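Notes for the one structure printed next.
Chains as they are written, first to last, in the numbering used here: chain A, 16 to 190; chain B, 25 to 675.
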């Protein structure tokens with residue numbers, strides 16, 4: 016037995032561990048939110064283009080809701096917009112948007128150009144609500160169940176594959 | 025246009041790297057001199073292409089070209105010019121380009137340095153470097169191209185991660201990578217020696233200055249990172265045993281072992297196979313570090329890019345490079361025989377223990393870093409090990425190492441008996457114990473059990489390292505740079521050990537809620553909180569507190585810790601204020617607004633903490649002095665006329 020083969024053997028073992036670790040890693044790449052399983056953080060804010068109407072986080076209760084944090088300054092949001100439109104069309108959930116750190120006129124123009132997937136659009140002009148929600152960078156999307164509890168958080172541009180893989184199973188399992 | 029030019033230059037660089045690798049390895053193996061001669065032009069060409077590519081990316085950053093995805097994600101028009109340049113390596117794609125560019129710089133330096141070495145050997149060294157470069161360029165073009173366009177262009181960028189907007193962290197990656205990448209040179213020399221079948225003392229001598237230089241850069245890089253974490257992350261720690269930190273620390277430990285073992289191989293022709301193995305390991309750990317940081321296998325506070333597909337690519341690359349080198353090693357190393365023996369009390373023995381302890385230390389760090397992965401792959405659940413594991417296990421190998429250093433540094437090569445230097449050892453030890461006792465019980469107090477021991481070891485190293493150079497000066501002997509460098513580096517280590525001891529033993533820390541005009545006392549210092557004011561910077565706003573510091577009533581300073589919120593990413597950073605006084609760092613960081621004018625404020629008094637980074641810089645300085653010793657330049661000229669021996673040739 017060649018003792019100089021030992022380092023190679025040790026490396027092969029290490030490579031196996033790394034390969035297994037890699038197989039398990041997709042779940043870990045996601046920034047876990049401590050909010051999952053907790054009631055949605057409370058807030059009350061005005062609606063887009065309507066400073067008299069209010070949205071209150073209590074309104075999350077009663078229906079499955081997709082809560083999407085976006086802004087016109089965020090280019091990834093543009094990438095996910097089509098997916099949001101498609102999801103909205105399927106009417107499986109209510110889609111609530113949070114227009115984060117944005118100007119109402121630009122946001123309105125944006126929605127006119129690209130289409131409006133949102134049932135309700137709450138605004139967060141100074142970014143306070145996003146801080147409470149632990150938003151790391153737009154776009155981020157939360158799934159909230161009819162009891163008003165956050166079930167899932169998705170970071171980055173939403174896609175239909177992500178919707179079918181990560182959101183639909185959770186809705187179907189628990190409703 | 026610039027991004028496309030940069031992209032195109034990258035593709036050309038990859039092709040040239042492939043040629044460099046192929047000609048460098050196949051040329052000497054098949055005895056084709058024309059192929060061998062083509063290696064150096066390929067190196068030059070590749071370097072020009074890489075430099076063009078880097079210049080294009082930086083120019084696009086300066087230009088605020090937000091039609092480039094990478095720039096839109098990592099820059100912003102409000103970002104100051106300096107950070108627009110350093111934002112180039114602010115995330116995965118650009119830092120990879122920087123990595124490859126620095127490899128190109130090392131390769132050019134090596135190509136110049138090896139021009140006096142036997143041609144076939146030189147070609148093989150450059151060939152191995154070409155293969156490394158090719159792998160990384162392929163990886164970059166396939167998975168992490170920084171030049172991808174964004175359509176339509178973003179109106180403005182998402183900004184550079186605010187915690188990276190700091191001078192120390194801006195220069196940290198280039199220096200750290202220079203060290204990382206530098207180990208590729210030792211790796212290439214080892215592989216070339218094995219391919220050539222010429223694993224004598226000469227390759228060790230040729231490798232030494234390169235390895236020492238790489239090690240010095242790595243030391244500075246790690247120290248800068250630690251310094252940054254200390255003042256920027258806001259909780260005053262300097263080392264967290266975080267996977268990313270460990271990723272740079274493991275190659276450093278093995279690299280330290282390597283420079284010592286290279287000394288033995290160079291001077292005495294011993295430890296040849298061991299030195300080869302360490303050369304492979306040091307670079308392998310650099311690659312492994314890249315894998316751990318970039319693949320998302322381990323989640324870390326520092327890793328900003330995590331993507332499993334990239335992980336698969338790096339893993340395959342890792343298998344090819346490390347697996348290939350270790351196979352070569354298993355094939356070639358059995359041919360090596362060491363003839364010379366040495367006494368138990370000789371310097372060789374001490375360096376052997378040095379190597380064993382350093383490798384054990386690196387292995388414990390590796391084990392701790394991979395523990396979450398291993399437990400996960402065995403389905404034992406997610407396990408994470410932290411400071412409670414790392415600190416004691418690391419000390420277990422480091423305490424004996426530092427003691428052995430102070431004893432072994434006096435030992436002679438080959439024939440050494442401990443009794444020869446008993447007197448020196450006893451005298452230095454007595455001075456060290458006395459100093460440590462005064463320091464621990466006189467200057468500070470209430471240490472832990474290990475404090476006097478560790479302080480003794482720190483002082484002992486400093487004194488012992490100075491004995492030999494002082495003795496040489498007294499006897500008017502020559503004082504070569506290698507001797508000076510070694511002494512300087514060891515003094516740096518001693519300072520480092522001393523600093524860690526005082527910081528870990530005597531740090532005072534308090535988190536207090538203070539209203540305007542309220543005061544608190546920490547150790548000998550009083551702090552009066554004068555409230556906060558709003559501030560505004562180029563791309564952030566925030567608050568700045570005012571705290572008056574006094575010592576026993578005597579005014580010392582007025583400090584202004586800040587909390588900033590960066591506009592684009594809405595991220596909050598803590599800018600602690602740090603004042604040095606009587607060798608201690610007085611650290612004040614602003615915590616949370618508790619309402620009603622009250623703020624939580626963190627105070628720390630850390631004695632001698634600056635010695636930590638200063639020690640690391642002095643270690644690196646020692647390395648730099650030693651790497652420029654005349655001996656290595658002479659060696660090359662002497663061996664230049666020697667033709668490559670027949671020996672065993674590959675192919």
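Yeah, the Cβ is synthetic: ideal placement off N, Cα and C, and Gly gets one too.
These numbers come from a predicted model, not from an experiment.
If distances are taken between C-alpha atoms only, which option among the options comes closest to residue i?
| i | options | result |
| --- | --- | --- |
| residue 122/B | 203/B, 378/B, 78/B | 78/B |
| residue 30/A | 507/B, 548/B, 315/B, 644/B | 315/B |
| residue 157/B | 554/B, 461/B, 42/B, 473/B | 42/B |
| residue 386/B | 173/B, 475/B, 282/B | 282/B |
| residue 607/B | 71/B, 635/B, 482/B, 580/B | 635/B |
| residue 455/B | 474/B, 491/B, 441/B, 468/B | 491/B |
| residue 507/B | 478/B, 83/B, 278/B, 653/B | 653/B |
| residue 550/B | 539/B, 525/B, 75/B, 578/B | 578/B |
| residue 534/B | 103/B, 625/B, 638/B, 99/B | 625/B |
| residue 468/B | 441/B, 532/B, 447/B, 502/B | 532/B |
| residue 559/B | 338/B, 589/B, 173/B, 76/B | 589/B |
| residue 9/B | 370/B, 422/B, 333/B, 412/B | Because chain B is modelled from 25 through 675, residue 9/B falls outside the range shown and cannot be assessed. |
| residue 564/B | 173/B, 350/B, 184/B, 582/B | 184/B |
Are the beta-carbon atoms belonging to residue i and residue j less than 8 Å from one another?
| i | j | result |
| --- | --- | --- |
| residue 145/B | residue 56/B | no |
| residue 414/B | residue 389/B | yes |
| residue 202/B | residue 241/B | yes |
| residue 631/B | residue 544/B | no |
| residue 293/B | residue 225/B | yes |
| residue 187/B | residue 245/B | no |
| residue 170/B | residue 117/B | yes |
| residue 61/B | residue 44/B | no |
| residue 85/B | residue 109/B | yes |
Going along the chain, which residues of its own chain have a beta-carbon closer than 7 Å to the beta-carbon of residue i, five neighbours each way excluded?
| i | result |
| --- | --- |
| residue 80/A | 108, 109, 111, 159 |
| residue 227/B | 213, 217 |
| residue 489/B | 433, 511, 514, 515, 518 |
| residue 487/B | 452, 455, 456 |
| residue 180/B | 90, 100, 101 |
| residue 252/B | 190, 192, 193, 196 |
| residue 476/B | 460, 461, 464 |
| residue 323/B | Because the pLDDT at residue 323/B is just 47, under 50, the model does not fix this residue reliably, and the point stays unresolved. |
Going by other Cβ atoms of all chains shown within 10 Å of its Cβ, with 16 needed for buried, is residue i buried or exposed?
| i | result |
| --- | --- |
| residue 227/A | Given a span of 16 to 190 for chain A in the structure shown, any question on residue 227/A remains unanswerable. |
| residue 628/B | buried |
| residue 465/B | exposed |
| residue 576/B | exposed |
| residue 67/A | exposed |
| residue 17/A | exposed |
| residue 327/B | In this prediction, residue 327/B scores a pLDDT of 37, lower than 50, which makes its location untrustworthy; no coordinate-derived value is stated. |
| residue 384/B | buried |
| residue 497/B | exposed |
| residue 220/B | buried |
| residue 672/B | Here the model assigns residue 672/B a pLDDT of 36, short of 50, so the residue's position is not dependable, and the following value carries that caveat. Residue 672/B comes out exposed. |
| residue 27/B | buried |
| residue 106/B | exposed |
| residue 372/B | buried |
| residue 447/B | exposed |
Can you give me the Cβ contacts of residue i inside the same chain, cut-off strictly under 6 Å, excluding the 5 residues immediately before and after it?
| i | result |
| --- | --- |
| residue 393/B | 267, 270 |
| residue 569/B | 556, 585, 614 |
If you drop the 5 nearest sequence neighbours on each side, which residues of the same chain put their C-beta closer than 8 Å to that of residue i?
| i | result |
| --- | --- |
| residue 65/A | none |
| residue 172/A | 91, 92, 94, 95, 98, 154 |
| residue 231/B | 209, 210, 213, 214, 286, 303 |
| residue 311/B | 338, 341, 342, 345, 346 |
Residues within the stretch 349 to 366 of chain B neighbouring chain A, beta-carbon criterion of under 7 Å: 350, 351, 353, 354, 357, 358
Under 9 Å (Cβ pairs) to chain A, residues found in the stretch 292 to 320 of chain B: 297, 301, 304, 305, 308, 312, 315, 316, 319, 320
Members of the stretch 155 to 172 of chain A that neighbour chain B once the beta carbon cut-off is set at 7 Å: none
Chain A contacts from the stretch 604 to 623 of chain B (Cβ-Cβ distance under 7 Å): none
Residues within the stretch 631 to 653 of chain B neighbouring chain D, beta-carbon criterion of under 7 Å: Of the protein chains in the structure, A and B, none is chain D.
Selection of the stretch 214 to 233 of chain B by Cβ proximity to chain A, strictly under 7 Å: none
Interface residues of the stretch 242 to 275 of chain B facing chain A [CB-CB below 7 Å]: none
Residues within the stretch 20 to 34 of chain A neighbouring chain B, beta-carbon criterion of under 7 Å: 20, 22, 23, 26, 30, 32, 33, 34
Contact set between the stretch 74 to 98 of chain A and chain B, restricted to residues whose Cβ is under 9 Å from the partner: 87, 88, 89, 90, 91, 93
Selection of the stretch 116 to 138 of chain A by Cβ proximity to chain B, strictly under 8 Å: 116
The stretch 168 to 181 of chain B: positions lying closer than 7 Å to chain A by Cβ: 174, 178, 179, 180
Against chain A: residues of the stretch 375 to 396 of chain B by CB proximity under 8 Å: 394
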